[in-house]
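Novice: Before anything else, here's the structure in question.
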Amino acid sequence: MVLSASLLYGLCGAALIGLGLYGFVVHRRLIRRVLAFNVIGSGIFLLFGAAAYRDPVAGSDPVPQAMIITGIVVALSATALALALIVAHARLARSDALPEDDRSGDPDEGRP
Amino acid sequence: MIDLFTIVMTAAGLIFFAAGTLGLIRFPDTHSRLHALTKADNLGLGLIALGLAVQVPGPADLFKLILIWALAILAAGATAQLVARIAAPAGLGDDEKAQDGGSDGQERRRP
Amino acid sequence: MIASIFDLTLCLVILAAAGAATLGRDAFMAVVFYIVYGILIAMAWLRLGAIDVALAEAAIGAGLTGVLLLAALARVARKAGKEPASAASVPATTIATALAALVITIGIAYAFLTLPEPQGLQGHVAENLAASGAENPVTAVLLNFRGWDTLLESIVLLAALLGIWTLAQDEAWGGRAGLRHVTRPGSVLAQFGRILPPIGLLVGVYLVWAGSKQPGGAFQGGTVLAAVWIVTIMAGLMQAPRVADRALRAALVIGPVIFLALAVAGIFAGAFLVLPPAHAGWLILAVEAVLTLSIAATLAMLVFGPPEPEEKR
Amino acid sequence: MSSWYLLVATGLLLTIAGALWRVWRGPEQADRMMAAQLVGTGGVGVILLLAAMSGDWAMLDVALVLALLAALAAIAFVKSTRGEGEGDPEDDTPEDRASEDGAPR
Amino acid sequence: MTASALALALILTAPLFGALAAMLMGRRGPAIALATIIATAAGTLILLVIIATEGAVHLAIGGWEAPLGIQLRADGLAGGFIATTALVMGAILAVAAKPFAGGKTERRSAYTFWPLALLLWGALNAIFLSGDLFNLYVGLELLTLVAVALVGIEGKRETLAAALRYMMFALMGSLLYLLGAALLYAAHGTLDIALLAERVGSAPGDIVAAAAITGGLAAKTALFPFHAWLPPAHSGAPAPASAMLSGLVPKASFYILLRFWFEAAPDLAGSGVLMLLGGLGAFAMVYGSLLALHQDRLKLIIAYSTVAQLGYLFFIFPLAGGESAAQPWAAGAWSGAIFHALSHAMAKASMFLCAGLIIEAIGHDRLPGMKGIVRALPMTVFAFALAAITLMGLPPSGGFTAKYLMMTASFAAGQPFWALMLILAGLLAAAYLYRPLALAFALPDEDAPAPKAVSRARQFAPLALALAAILLGILSAAPFAFIQIGRPGAAVEGLE
Chain A
5 MVLSASLLYG LCGAALIGLG LYGFVVHRRL IRRVLAFNVI GSGIFLLFGA
55 AAYRDPVAGS DPVPQAMIIT GIVVALSATA LALALIVAHA RLARSDALPE
105 DDRSGDPDEG RP
Chain B
26 MIDLFTIVMT AAGLIFFAAG TLGLIRFPDT HSRLHALTKA DNLGLGLIAL
76 GLAVQVPGPA DLFKLILIWA LAILAAGATA QLVARIAAPA GLGDDEKAQD
126 GGSDGQERRR P
Chain C
145 MIASIFDLTL CLVILAAAGA ATLGRDAFMA VVFYIVYGIL IAMAWLRLGA
195 IDVALAEAAI GAGLTGVLLL AALARVARKA GKEPASAASV PATTIATALA
245 ALVITIGIAY AFLTLPEPQG LQGHVAENLA ASGAENPVTA VLLNFRGWDT
295 LLESIVLLAA LLGIWTLAQD EAWGGRAGLR HVTRPGSVLA QFGRILPPIG
345 LLVGVYLVWA GSKQPGGAFQ GGTVLAAVWI VTIMAGLMQA PRVADRALRA
395 ALVIGPVIFL ALAVAGIFAG AFLVLPPAHA GWLILAVEAV LTLSIAATLA
445 MLVFGPPEPE EKR
Chain D
5 MSSWYLLVAT GLLLTIAGAL WRVWRGPEQA DRMMAAQLVG TGGVGVILLL
55 AAMSGDWAML DVALVLALLA ALAAIAFVKS TRGEGEGDPE DDTPEDRASE
105 DGAPR
Chain E
-14 MTASALALAL ILTAPLFGAL AAMLMGRRGP AIALATIIAT AAGTLILLVI
36 IATEGAVHLA IGGWEAPLGI QLRADGLAGG FIATTALVMG AILAVAAKPF
86 AGGKTERRSA YTFWPLALLL WGALNAIFLS GDLFNLYVGL ELLTLVAVAL
136 VGIEGKRETL AAALRYMMFA LMGSLLYLLG AALLYAAHGT LDIALLAERV
186 GSAPGDIVAA AAITGGLAAK TALFPFHAWL PPAHSGAPAP ASAMLSGLVP
236 KASFYILLRF WFEAAPDLAG SGVLMLLGGL GAFAMVYGSL LALHQDRLKL
286 IIAYSTVAQL GYLFFIFPLA GGESAAQPWA AGAWSGAIFH ALSHAMAKAS
336 MFLCAGLIIE AIGHDRLPGM KGIVRALPMT VFAFALAAIT LMGLPPSGGF
386 TAKYLMMTAS FAAGQPFWAL MLILAGLLAA AYLYRPLALA FALPDEDAPA
436 PKAVSRARQF APLALALAAI LLGILSAAPF AFIQIGRPGA AVEGLE
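Protein chains in written order, with the working numbering: chain A, 5 to 116; chain B, 26 to 136; chain C, 145 to 457; chain D, 5 to 109; chain E, -14 to 481.
If you want it as structure tokens, here you go:
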């Protein structure tokens, strides 16, 4: 049984994207959604990098590598801004969720 | 001969890692887990690095290998001490409990 | 065979960490899992022959993003009194979302499996490497072939910083970024803060310098340098700079400014952002040096956050 | 020889999986963070082995960066458990720290 | 050094240089902005002349041709958007000079506004000129982060929530777009739009990629059902920021959608996809208009109007895409939608600037308080009315030309549904814009507090924008011909 690294990590990337998407939609806490965003992002990068390594003889294609590095930095920038917004919002709203998602005041809304 | 040395050393390193993890899983409380862990993984990494040291092509890479090990020891040692203070029973203020939310309330109680 | 077993194990461990990070109930646990996940992903990049990416992921994914998440979590927990339920409690929505995510995953996997024969740009890059001024193909792409992307990206970082600065309270404007860190002299943290910086400085500079020949470069080196600065400040050995500080602002913008100036100068050599092959080598090194400075400063300021009112510092 | 390296690396991955279990179980934040520290050290080990396996010693730089930044996350964690994140974790109690907070340094 | 290289360099770098300079020198924002406007406008004029006389401009950045390098492409479409952006930004920055003036000590909002505004401009220009899907991604991210920051610049609880909501949609949109780009590169080894046009087929990867890119960009363009973020975000920002956010920012993601569907993957455009996009647009139009009718704050009315107006931009897809592309009516439909995008940019920016001046005068933007405001701000109300004419699509405005072209095309194409929707859109726009206008012209209440004075010079900027939108209709022949320059593939017959 020889599975190519590209195949395995590509499928792993696809699964990470799905996992992250689920988390992004389901969570109300914004920090959790930012975290899910990062999981989706790295899943996409992994898929991209795996596709760039389908021909191990030619080696990894440097152009996607450069794009991925750019993407990682861009994702970090977005994460930093999103988290700072969340902290600033929490300071005023005393909540880590958007107003429409924030049901902490609702007595029926306990956790199981 | 060189390869044999590498094999023995890396195998020993792996064993130390495994022991450390076992301690991490099995030991009953935070402090003993902490204690077991730092020794085991630093030694494990040291053995692996030692095993590979005879394989590197040049002195620059050997230097890097030593630096990596030194950094790992330094970081693990410092953080172990810092984390140990946090882990002190009185160290967890109410803040931290609120932060974790109520969901893992039953997890908080020691098994 | 054994390689496949290793890859398979790594994939499973990655998925387990990602699963816990996205699905776990406890927010702090999720963040710790995310840090672990970043470490694991860096290994995956090595298996995919992308050392440059692995370096970036180790520095940014496992390091800085984790730090940002931890700090944000701690601050939000103190500010948001009661937290909202962590996951949607309507089972129908949850199931529908899970199904949709599954379908999307399968669609993406199918698209991946049916990709046509690879036609990468390895050949094009190799052909033009000599004229690019860098020996490391990834650096050649980042700083020359697709330099415009990199230039914009360095500005994206500044945009995020400006966005964070808009979140300062008005009375705090101009003050020192972030919270004040105090440590007892001689404590473990303070000692650690003394030992680490020289090593980190060495590693960071080395990564930038070596980046034109082997994996590494401005972003990876800049991140390491930023980490050094952050440790120094967290250990209480230095104060974070004032956001109104001229020297800080100059450090933030100098990289993009010089890169932009070089891009404009290129039109005299033929086109926008042209690096003449005869000079490309040292030009790339020079741009990388200033970019590293700006990236390190920007990343550190991203972590420190907006200036806080003096009484809280 | 490369098969051996991969074998040991796979073994290390399994110990990492064990550490993940502790991250999941907790129960203290400190437990989770220490387990993450083990993953970091184990990850450095895996990378060393991968470097030896492929003969591409440039991979050592990744291990170097990982070792360097593992410390950062741990310090950030320790800091985040105190006050607004600024205090010295070695000061004994949050109350002590709060009184020192107002005093000029 | 060629003139076109100089022009492109000016357009791309002047706003970025300006932003960096403003970041460095905190209190010099307005002066730096003025210098940026002059430099960028000069570059834009040169570029327009070159495009008009020599046709579309192509420039390989760094001298690296595709697929290795990034290609810049300046055709009529790009020229039209760049020129409109320059005009709109010029007016906005002129109005912003007072509220965000430098002052003796540096203030937070005044300091951050200028670099953010100039970065927004730089990002827009980078997007309009780029011919590479990944470069477009970086440009779009720059634009998004800046836009989010501008939404939150007031720092109030509601505006921070609006910024966060926007951020969540935008993050998801970026990821989807990135996924699509990654799949396209994996399949075809390039992200250059011209090369992709030759290579994209209908493999599963291409279809998933197209779906992801379209979904991502639709989220960023606030197409129904991804519109929820837009009204609070656009209405919560300070007026000059709102004008940029509503007039310009959504146009960038729409522009990339155009480039993608009409240039990179024209063969992939099946009628189902195109109908879906058009249908969602129609839904957004009705939905946004009805909600606009129910708002009691001027800025919210204008913001919901943006949801509606962006909606019928998407009629371009069924009318000019896919099989329609080769038909004689496509040119008219295409130009019509572009006219709409450009005239909406001017009119909507003008309206938000007017709203800002009204807020300066009376301290809020609740409709009842606006009664009789025409006496205090005659020029502003006049500008608002002119902009409303464009949004309603009444002659002789640019909005009228846009609707006329699109309606003619929709009858020619045998799809009269879109024409009916356009008529409905006009009626609804008239309905929701009537209330503020009627109030503005009504007699003021006896006991109403006297509005504060606003200088005429500042009232001139929104008026100029509203006039430009009207002029676009009166002088439509030249811009019509201009935006056809370099239009890909199809029949170039007009319908005039």
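We treat Cβ as the ideally placed atom computed from N, Cα and C, and that holds for glycine.
Quick check on the DSSP output: the alpha helix (DSSP H) that includes Gln280/E runs from which residue to which?
Specialist: From DSSP, Gln280/E is part of no alpha helix (DSSP H); its letter is neither H nor E.
Novice: For chain C, is any of its Cβ atoms less than 7 Å away from the one on Ala101/B?
Specialist: So, not an interface residue.
Novice: To which residues of the same chain is Leu50/A closer than 8 Å at the C-beta, ignoring the five residues directly before and after it?
Specialist: Taken in chain order, the residues that qualify are Tyr13, Gly14, Cys16, Gly17 and Leu20.
Novice: Any residues in the stretch 63 to 76 of chain A with a beta carbon nearer than 7 Å to a beta carbon of chain C? Which ones, in chain order?
Specialist: Correct list: Gly63, Ser64, Asp65, Pro66, Val67, Gln69, Ala70, Ile72, Ile73, Thr74 and Ile76.
Novice: Any contact between the stretch 430 to 443 of chain C and the stretch 8 to 15 of chain D? By contact I mean 3 or more CB pairs, one from each, below 8 Å.
Specialist: Judged by Cβ distances under 8 Å, the stretch 430 to 443 of chain C makes no contact with the stretch 8 to 15 of chain D, as fewer than three pairs qualify.
Novice: Examine chain A for any beta-carbon lying closer than 7 Å to the beta-carbon of Phe119/E, and answer yes or no.
Specialist: Interface residue, yes.
Novice: Closest to Thr(-2)/E by CA distance: which of Val401/C, Met445/C, Trp426/C and Ala440/C is it?
Specialist: Nearest of Val401/C, Met445/C, Trp426/C and Ala440/C to Thr(-2)/E, Cα basis: Val401/C.
Novice: Would a C-beta distance cut-off of 7 Å place Ala40/A and Thr166/C closer than the cut-off?
Specialist: Yes, Cβ-Cβ distance for Ala40/A and Thr166/C is below 7 Å.
Novice: Could you spell out where the alpha helix (DSSP H) holding Ala407/E opens and where it closes?
Specialist: Looking at the sequence itself, residue 407/E is Leu, so the reference to Ala does not match. Start and end: Pro401 to Phe426.
Novice: Indicate the three-state DSSP secondary structure (helix, strand or coil) for Gln313/C in the structure shown.
Specialist: Here Gln313/C sits in coil by DSSP.
Novice: Grouping DSSP H, G and I as helix and E and B as strand, with all else coil, what is Gly45/A?
Specialist: Here Gly45/A sits in helix by DSSP.
Novice: Using the three-state DSSP reduction, which class does His43/E fall into: helix, strand or coil?
Specialist: His43/E falls in the strand class under three-state DSSP.
Novice: Do Ala166/E and Leu118/E have their C-beta atoms within less than 7 Å of each other?
Specialist: Cβ atoms of Ala166/E and Leu118/E: closer than 7 Å.
Novice: Give the straight-line distance between the Cα atoms of Leu273/C and Gln358/C, rounded to the nearest whole angstrom.
Specialist: Using only the alpha carbons, I get a separation of about 13 Å.
Novice: Reducing DSSP to helix, strand and coil, say where His329/E ends up.
Specialist: In the structure shown, His329/E sits in a helix (DSSP, three-state: H, G or I).
Novice: Taking just the CA atoms, how far does Leu437/C sit from Gly378/E?
Specialist: Taking the straight line from one Cα to the other gives about 52 Å.
Novice: Go to Gln56/E, then tell me how far its alpha helix (DSSP H) extends in each direction, as first and last residue.
Specialist: Careful: Gln56/E lies outside any alpha helix (DSSP H), inside the beta strand (DSSP E) at Gln56 to Ala59.
Novice: Counting contacts by CB-CB distance shorter than 7 Å, is Asp293/C in contact with chain A?
Specialist: Yes, its Cβ sits closer than 7 Å to a Cβ of chain A.
Novice: Can you name the residues that DSSP bridges to Ser2/D?
Specialist: Because chain D in this structure spans residues 5 to 109, residue 2/D falls outside the shown range and cannot be described.
Novice: Taking only runs that begin and end inside the stretch 310 to 393 of chain C, name each unbroken alpha helix (DSSP H) of 4 or more residues, in chain order.
Specialist: With a minimum length of 4 residues, the continuous alpha helix (DSSP H) runs that stay inside the stretch 310 to 393 of chain C are 332 to 354 and 362 to 378.
Novice: Assign Arg244/E to one of two classes, buried (16 or more other C-beta atoms within 10 Å of its C-beta) or exposed (fewer than that).
Specialist: Classification for Arg244/E: buried.
Novice: Which same chain residues, not among the five before or five after Ala147/E, have their C-beta less than 6 Å away from its C-beta?
Specialist: Here the set comprises Val136, Pro217, Ala218 and Gly221.
Novice: Using the rule of at least 16 other Cβ atoms within 10 Å of the residue's Cβ for burial, across every protein chain shown, is Met8/E buried or exposed?
Specialist: Buried is the call here.
Novice: At least one CB of chain A closer than 7 Å to the CB of Ala200/C: is that the case?
Specialist: It does: the Cβ of Ala200/C has a partner Cβ on chain A nearer than 7 Å.
Novice: In terms of residue numbering, what span does the alpha helix (DSSP H) encompassing Ser227/E cover?
Specialist: Per DSSP, Ser227/E belongs to the alpha helix (DSSP H) from Ala224 to Gly232.
Novice: With a 10 Å radius around its C-beta and 16 neighbouring C-beta atoms as the bar for buried, classify Phe412/C as buried or exposed.
Specialist: Answer is exposed; the Cβ neighbour count stays below 16.
Novice: State the Cα-Cα distance for the pair Leu392/C and Trp309/C, rounded to the nearest angstrom.
Specialist: Spanning the two alpha carbons is a distance of roughly 14 Å.
Novice: What did DSSP end up calling Phe41/B once you bin it into helix, strand or coil?
Specialist: Helix, per DSSP.
Novice: Between the stretch 154 to 173 of chain C and the stretch 438 to 453 of chain C, can you find at least three pairs of beta-carbon atoms closer than 8 Å?
Specialist: The stretch 438 to 453 of chain C is not in contact with the stretch 154 to 173 of chain C.
Novice: Can you check whether the CB of Ile67/E is closer than 7 Å to the CB of Asn110/E?
Specialist: Their beta carbons are under 7 Å apart, which means Asn110/E touches Ile67/E by this criterion.
Novice: Three-state secondary structure (DSSP) at Asp54/B?
Specialist: Three-state DSSP puts Asp54/B in coil, outside helix and strand.
Novice: May I ask you to report which of helix, strand or coil DSSP gives Pro453/C?
Specialist: In this structure, Pro453/C counts as coil in the three-state DSSP scheme.
Novice: Would the beta-carbon of Leu485/E fall within 7 Å of that of Gly65/E?
Specialist: Absent from the model: residue 485/E. The displayed extent of chain E is -14 to 481, so no value can be given.
Novice: Could one say the Cβ of His423/C lies closer than 7 Å to chain E's Cβ atoms, at least one of them?
Specialist: No, His423/C lies away from the interface with chain E (no Cβ there is under 7 Å from its Cβ).
Novice: Given this structure, state the Cα-to-Cα distance separating Ala330/E from Gly357/E, to the nearest angstrom.
Specialist: For Ala330/E and Gly357/E, the distance between alpha carbons rounds to 27 Å.
Novice: Taking only three categories from DSSP, how would you classify Asp151/C?
Specialist: Looking at Asp151/C - three-state DSSP - the assignment turns out to be helix.
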